[in-house]
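Take a look at the structure set out below.
2 protein chains.
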Amino acid sequence: MGIVNGTTNYILTKMDDEGVPYDDALKEAQELGFAEADPTADVEGLDAARKMAILARLAFSTPVDLNDVEVSGISDLELTDFQYGKKLGFTMKLIGIANFDNNQVEVSVQPVFLKSDHPLANVKNEYNAVYVNGEAVGETMFYGPGAGSLPTATAVMSDVVSVIKNKLLGVNGHRFTKPRFEKVLKKPENRYGQFYFRLHVKDEVGAFTTISSLFNQLNISFERILQAPIKPENRNELAEVIVVTHETSLDKFKKVLEDLQNVEVVEEVKSYFRIEGDVE
Amino acid sequence: MGIVNGTTNYILTKMDDEGVPYDDALKEAQELGFAEADPTADVEGLDAARKMAILARLAFSTPVDLNDVEVSGISDLELTDFQYGKKLGFTMKLIGIANFDNNQVEVSVQPVFLKSDHPLANVKNEYNAVYVNGEAVGETMFYGPGAGSLPTATAVMSDVVSVIKNKLLGVNGHRFTKPRFEKVLKKPENRYGQFYFRLHVKDEVGAFTTISSLFNQLNISFERILQAPIKPENRNELAEVIVVTHETSLDKFKKVLEDLQNVEVVEEVKSYFRIEGDVE
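From first to last, the protein sequence lines stand for chains R and A.
Take 1 as the starting number for the first sequence in my numbering and just add one per residue.
Take 1001 as the starting number for the second sequence in my numbering and just add one per residue.
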């Protein structure tokens, strides 16, 4: 699991810590030279997706490529969700996830609600970090600057030294770059996560029962529910409901999302995020 | 800067997160096999001091040894200070500090109040981490388990692989272990930090003026002051005062500590800690 893009992490830190809206945070990042004039590759998660594909190939020795990475970016994020996140003990981060078990691989990049006591939650501004769970070693993390001329030069020099050492050792790297395992992508029913939903719900009798029965039918249980009034002018018609589920499979998540979008009492599914970062 | 001892970090996490007193937390650590029957080397900071001496030698190429490391342990820590720490945004950690500038070195191990948004503050239980600030690369951190059979075996195997590679490369390590710089220990007037004091003060007119003038005389300014009543039976006679200073030199800190211990209105200096972890 990693925070592998400095620009988006800078923007998310501004939004989370200082309540700066997305557009202003992006402008600040551009002024500081972190974000490019066309920030698409960063904010839509493509740069992070490329890095996660490379890391997954190296870590799991299976030929993952960019098309196998599910990507969503940060350009649609609203401060409202950051505020609910704070109440719930979550920090919003653009997280790359690469997972390999039973010879099946899953790679994704998306805005994730990270539990605030997870080590990655304190990775701020333009810093990056990769959190690695090894079978024997357990949980490890590698943290450092994700941008800047001298940090980049340091990384390049470190690679040059590795190349020289490998030449002296007679190692050409094929053992690492030639995949040893056939690529088998993990199916949605074998992928698990906790999820957050923010719903605008018609404020009428039985609305909440209807919603909770959608979750019940799929055997998805709730960890937390919050209900809050929304804009004063709509107060009599709509309520804002936050649902935090317990762990469930990705196919059930997709099914309940579809159900919520189709049921009459739900005016709109405003947002939904994966929740990660249980500390053992 | 590092958390380099798993046993003490486990104990401090229990004390900080769950309010478990020191003796009980130590017992738990012993039951889990983290702490030995005689826990002295861990809880008095000696194990951490040895590691910091080795790290300082390798990092700075100067012949630091164990006697150069200022050490204090965690066996006297009281929950009261953890509670004040929470209010102030600090987490208590046993921190090894090794610092080298202008060819002068400083190495210490002590309980430190770490600002809660510093990456080391979220290093919990038996986990360890080393936070390295490099001249070019900037701030980096390396995090992983500090105890356990498989993590230890992983570290040993990694060392064995390094030895084999070095043999093949014809490198014997003398370049690293033979110090290149003469050892010059940093003088107290060149060492800086922020400090926390907890004082029991006689509740009488002018007491606070007397205390603040001690700090003023040394040109030490306050970042925060808290005053709280203490045990009901003493309420009329004593007040508990917390002082958080701005950055000052170590010699001034020592002088003000001596002054506080000698002035009549201060019944007792209950505790004092260094504060670290400003995030740039």
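Using N, Cα and C, we set each Cβ at its ideal position, and we do this for glycine too.
Buried or exposed (CB count within 10 angstroms, at least 16 for buried), R/Q261: For the purposes of this step, residue 261 of chain R is identified with residue 261 of the first sequence, where counting begins at 1. That one is exposed.
Closer than 8 Å: A/D1065 CB and nearest the ligand MG heavy atom: Among the components of this structure there are no ligands whatsoever, and the ligand MG is therefore not found.
Any chain A beta carbon closer than 9 Å to R/K165: Sequence index remark: in the first sequence, residue 165 of chain R carries index 165 (1-based). Closer than 9 Å: yes.
Below-9 Å beta-carbon distance, A/K1124 vs any chain R residue: Taking the first residue of the second sequence as position 1, residue 1124 of chain A is located at position 124. Output row for A/K1124: interface = yes.
With 16 other Cβ atoms within 10 Å as the buried cut-off, status of R/V136: Here residue 136 of chain R is taken as the residue at index 136 of the first sequence, counted from 1. Sequence inspection shows Ala at residue 136 of chain R; the Val mentioned does not correspond to that position. The residue in question, R/A136, is exposed, as its Cβ has fewer than 16 Cβ neighbours within 10 Å.
Contact set between A/D1117 and chain R, taken where Cβ atoms lie within less than 8 Å: One-based indexing of the second sequence puts residue 1117 of chain A at position 117. Within chain R, the residues near A/D1117 are N122 and K124.
R/R191 versus R/M15, R/F100 and R/E31, residue with shortest Cα-Cα distance: Within the first sequence, numbered from 1, the residue matching residue 191 of chain R stands at position 191. The residue with the shortest Cα to Cα distance from R/R191 is R/F100.
Rounded separation between A/K1238 and A/H1200 - CA only: Residue mapping note: residue 1238 of chain A aligns to position 238 of the second sequence, counting from 1. Residue mapping note: residue 1200 of chain A aligns to position 200 of the second sequence, counting from 1. Just to set this straight, residue 1238 of chain A is Leu in the shown sequence, not Lys. Going from the Cα of A/L1238 to the Cα of A/H1200 covers about 6 Å.
Pairwise C-alpha distance: R/N128 and R/Q227: Numbered from its first residue, the first sequence carries residue 227 of chain R at position 227. Numbered from its first residue, the first sequence carries residue 128 of chain R at position 128. If I take the Cα positions, the gap works out to 35 Å.
Contiguous alpha helix (DSSP H) assignments of at least 4 residues, all confined to the stretch 1138 to 1174 of chain A: 1149 to 1169
Residues near A/G1173 in its chain [Cβ-Cβ closer than 8 Å; skip 5 each side]: Taking the second sequence and counting its residues from 1, the one referred to as residue 1173 of chain A is at position 173. Same-chain partners within the cutoff: N1166.
In DSSP terms, what A/A1239 is bridged to: Looking up residue 1239 of chain A in the second sequence gives position 239. Answer is A/V1201 and A/P1229, bridged to A/A1239.
Cut-off 7 Å between Cβ atoms - residues of its own chain near A/T1091, not counting five sequence neighbours on either side: In the second sequence, the residue the question calls residue 1091 of chain A occupies position 91. Excluding sequence neighbours, A/T1091 sits near D1016, G1085, L1114, S1116 and A1121.
Member of A/T1008, A/A1049, A/P1119 and A/E1106 whose CA lies at the smallest distance from the CA of A/E1189: To locate residue 1189 of chain A, count along the second sequence from 1; it is residue 189. Selected option, being the one with the closest Cα: A/E1106.
Span separating the alpha-carbon of A/E1223 from that of A/V1205: Walking along the second sequence from the start, residue 1223 of chain A turns up at place 223. Walking along the second sequence from the start, residue 1205 of chain A turns up at place 205. Rounded to whole angstroms, A/E1223 to A/V1205 spans 23 Å at the Cα level.
Contact with chain A by R/A41, beta-carbon distance below 9 Å: Position 41 of the first sequence, counting from 1, holds the residue named residue 41 of chain R. Chain A contact via Cβ: absent.
Residue-chain proximity (R/A25, chain A), Cβ-Cβ < 9 Å: Taking the first residue of the first sequence as position 1, residue 25 of chain R is located at position 25. R/A25 does not count as touching chain A.
Delimiting residues of the beta strand (DSSP E) encompassing R/G96: Within the first sequence, numbered from 1, the residue matching residue 96 of chain R stands at position 96. It spans F90 to D101 - the beta strand (DSSP E) in which R/G96 sits, taken as one unbroken run.
For R/V256, the three-state DSSP class (helix, strand or coil): Here residue 256 of chain R corresponds to residue number 256 of the first sequence, with the count starting at 1. Residue state, collapsed to three classes: helix.
Top-ranked residue by Cα proximity to R/I275, from R/L46, R/F82, R/G19 and R/F34: For this step, residue 275 of chain R is matched to residue 275 along the first sequence. The option with the nearest alpha carbon to R/I275 is R/F82.
Nearest-angstrom Cα separation, counted from R/K51 out to R/D65: In the first sequence, the residue the question calls residue 65 of chain R occupies position 65. In the first sequence, the residue the question calls residue 51 of chain R occupies position 51. Whole-angstrom Cα-Cα distance: 10 Å.
Within-9 Å CB hit, R/G138 to chain A: Walking along the first sequence from the start, residue 138 of chain R turns up at place 138. Interface residue, yes.
9 Å Cβ cutoff, R/F142 in contact with chain A: Position 142 of the first sequence, counted from the first residue, corresponds to residue 142 of chain R. Yes, because at least one Cβ of chain A sits closer than 9 Å to the Cβ of R/F142.
Residue nearest to R/E267 in terms of C-alpha spacing, selected from R/G73, R/T40, R/V241 and R/H246: Reading the first sequence from its first residue, position 267 is the one you call residue 267 of chain R. Of R/G73, R/T40, R/V241 and R/H246, the residue nearest in Cα terms is R/V241.
Proximity winner among A/V1130, A/E1078, A/V1123 and A/R1198, relative to A/A1056 (alpha-carbon distances): Numbered from 1 along the second sequence, position 56 holds the residue referred to as residue 1056 of chain A. Nearest of A/V1130, A/E1078, A/V1123 and A/R1198 to A/A1056, Cα basis: A/V1130.
Chain R residues whose Cβ lies nearer than 9 Å to that of A/L1169: The residue labelled residue 1169 of chain A in the question sits at position 169 within the second sequence. Per Cβ cutoff of 9 Å: K165, L168 and L169.
Proximal residues of chain R, C-beta to C-beta of A/T1154 below 8 Å: For the purposes of this step, residue 1154 of chain A is identified with residue 154 of the second sequence, where counting begins at 1. Result: G134, A136 and V137.
Buried or exposed (CB count within 10 angstroms, at least 16 for buried), A/V1243: Numbered from 1 along the second sequence, position 243 holds the residue referred to as residue 1243 of chain A. So A/V1243 ends up on the buried side.
Same chain, Cβ closer than 6 Å to R/G277, five either side skipped, listed in chain order: On the first sequence, position 277 is the one that residue 277 of chain R refers to. Result list for R/G277: L114, K115 and H118, in chain order.
Rounded separation between A/N1133 and A/I1097 - CA only: As a position in the second sequence, residue 1133 of chain A is number 133, starting the count at 1. As a position in the second sequence, residue 1097 of chain A is number 97, starting the count at 1. About 11 Å.
A/H1246 versus A/Q1194 - alpha carbon distance: As a position in the second sequence, residue 1246 of chain A is number 246, starting the count at 1. As a position in the second sequence, residue 1194 of chain A is number 194, starting the count at 1. Those two C-alpha atoms are separated by around 5 Å.
Straight-line gap, A/G1144 to R/T140 (C-alpha atoms, nearest Å): The count along the second sequence starts at 1 and reaches residue 1144 of chain A at position 144. The count along the first sequence starts at 1 and reaches residue 140 of chain R at position 140. The straight-line gap from Cα to Cα measures roughly 4 Å.
Partners in chain A for R/P151, counting only beta-carbon separations shorter than 8 Å: For the purposes of this step, residue 151 of chain R is taken as residue 151 along the first sequence, with counting starting at 1. By Cβ distance, chain A contributes A1136, V1137 and G1138.
A/N1133, enclosing alpha helix (DSSP H) - first and last residue: Here the question's residue 1133 of chain A lines up with position 133 in the second sequence. No alpha helix (DSSP H) holds A/N1133; the beta strand (DSSP E) holding it covers Y1127 to G1134.
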